[in-house]
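A.B. asks:
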Amino acid sequence: MNYELDKVNNLLKKKVINYKEFNELIGSYYICDFEELEDSYYILKVLSPLYELSKSESENYYTSFVQVVK
626 MNYELDKVNN LLKKKVINYK EFNELIGSYY ICDFEELEDS YYILKVLSPL
676 YELSKSESEN YYTSFVQVVK
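The opening position of the sequence shown corresponds to residue 626 in this note's numbering, with each subsequent residue numbered one higher.
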């Protein structure tokens with residue numbers, strides 16, 4: 626597994642991250658889109674690490690959420 630994917634997985638596991646970590650996360654190749662659900666809660670569209678091997682568009686993404694704190 627590569628460094629960038631490891632970093633994304635670690636930040637997603639934390640669930641509560643700061644703004645610096647959030648900016649790193651959304652700048653990653655593996656984060657395709659994000660949307661604010663309510664104050665400081667975001668849902669993220671995450672590119673599957675097996676994207677290149679996947680035949681189905683629905684298998685290419687999964688979602689996760691994080692809370693961003695100051």
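We treat Cβ as the ideally placed atom computed from N, Cα and C, and that holds for glycine.
So, at 8 Å on beta carbons, what are the nonlocal neighbours of residue 640 in its own chain, with the 5 sequence-adjacent residues on each side left out?
C.D. replies: In the sequence shown, the residue the question calls residue 640 occupies position 15. The answer, listed in chain order, is 690, 691, 692.
A.B. asks: Candidates 627, 646, 629, 633: which alpha carbon is nearest residue 688's?
C.D. replies: Here residue 688 is taken as the residue at index 63 of the sequence shown, counted from 1. Cα-wise, what sits closest to residue 688 is 633.
A.B. asks: Expressed to the nearest angstrom, what Euclidean distance is found between the alpha-carbon atoms of residue 658 and residue 630?
C.D. replies: Walking along the sequence shown from the start, residue 658 turns up at place 33. Walking along the sequence shown from the start, residue 630 turns up at place 5. For residue 658 and residue 630, the distance between alpha carbons rounds to 16 Å.
A.B. asks: Going by DSSP, name the residue or residues bridged to residue 637.
C.D. replies: On the sequence shown, position 12 is the one that residue 637 refers to. In DSSP, residue 637 forms no bridge with anything.
A.B. asks: Can you tell me the Cα-Cα spacing of residue 672 and residue 643, whole angstroms?
C.D. replies: Working through the sequence shown from its first residue, we reach residue 672 at position 47. Working through the sequence shown from its first residue, we reach residue 643 at position 18. Using only the alpha carbons, I get a separation of about 22 Å.
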